[in-house]
Amino acid sequence: MKATCVPYCSLQSVKGLLLHCGPSMWNWLRLVKDSVSEKTIGLMRMQFWKKAVEDMYCDNPPHQPVAIELWKAVKKHNLTKRWLMRIIDEREKNLDDKAYRSMQELENYAENTQGSLLYLTLEVLGVKDLHADHAASHIGKAQGIVTCLRATPYHSSRRQVFLPMDVCVQHGVSQEDFLRRNQDKNVRDVVYDIASQAHLHLKHVSLEDYLKKIQRVDFDIFHPSLQQKNMLLPLSLYIQSWRKRY
């Protein structure tokens with residue numbers, strides 16, 4: 000998919016800025032687990048960030064280091080409040096850590112979190128282009144799907160499964176199959192369908208590397224090779240940026 004070319008180093012620095020300014024907003028959810036007290040704390044944090052964002056746009060940020068830095072980014076780049084609030088709202092709905100009921104539900108979550116972060120990234124870069132927005136939407140959905148797949152071995156080690164239930168039911172696969180690291184064809188078919196959906200959204204970005212790897216091991220999501228980092232990823236992204244392709 001061709002669109003406005005953004006150098007890899009610039010894109011990474013912008014995403015770093017946003018993630019540095021607001022890690023408590025988008026990363027703390029990983030620490031909130033099953034107990035009622037932790038969920039209550041999570042809801043309290045969500046309420047804090049909702050009010051904090053509202054106050055930022057009234058030029059009255061709370062006296063909290065992260066909120067102040069995020070407010071500075073909002074002021075400097077005229078960031079759209081809707082994207083920030085959408086991330087918070089979606090994370091709040093996801094506090095129960097339940098499996099996605101459908102592929103559509105997973106895509107919605109990805110669009111509202113990863114996609115929103117990418118829209119903010121484009122705003123920081125000063126990119127106002129319908130093609131770039133369209134690409135960001137697909138990238139966000141693909142990234143969310145791939146992240147869900149990539150995290151499955153870790154989640155299963157904690158006796159959690161988040162893969163879309165409709166796809167699992169279609170192939171007669173239960174959550175217990177993933178908890179036991181079952182490698183039967185039906186399990187691989189589930190992974191194949193989910194990976195294929197990500198591939199529909201995106202064919203020429205960094206996420207394709209993982210999709211190619213998972214295809215090479217016949218969709219065995221627990222294969223050791225999938226846990227290794229791609230040290231050539233920055234070079235690959237630079238080449239694709241030079242070619243003006245996502």
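Residue numbers for the sequence shown follow numbering that gives the first Met the number 0, beginning at 0 and rising by one.
Yeah, the Cβ is synthetic: ideal placement off N, Cα and C, and Gly gets one too.
Remember, it's a predicted structure, so these values are computed and weren't measured experimentally.
- Taken atom to atom, the span from the alpha-carbon of K74 to that of Q226 is near 39 Å.
- Contact check for G114 against A135 passes: the beta carbons are separated by less than 8 Å.
- Pairing I144 with V204 gives a Cβ-Cβ distance that is not under 8 Å.
- Cβ atoms of E89 and M45 stay farther apart than 8 Å, at about 10 Å.
- Contact between the stretch 150-163 and the stretch 118-131 is absent, with fewer than three C-beta pairs closer than 8 Å.
- Boundaries of the alpha helix (DSSP H) harbouring R187: K184 to H200, taken from the DSSP string.
- By a beta-carbon distance limit of 8 Å, H200 does not contact A150. Their separation comes to about 18 Å.
- A Cβ-Cβ distance of about 6 Å is found for the pair Q196 and M102, placing them in contact under the 8 Å criterion.
- DSSP places Y153 in the uninterrupted alpha helix (DSSP H) bounded by T151 to S156.
- C167: member of the alpha helix (DSSP H) spanning M164 to Q169, first to last residue.
- Take D188, set aside five residues on each side of it, and the residues of its chain with a beta-carbon closer than 7 Å to its own are H170, in chain order.
- For T112 against I86, the beta-carbon gap comes to about 5 Å, under 8 Å, which counts as contact.
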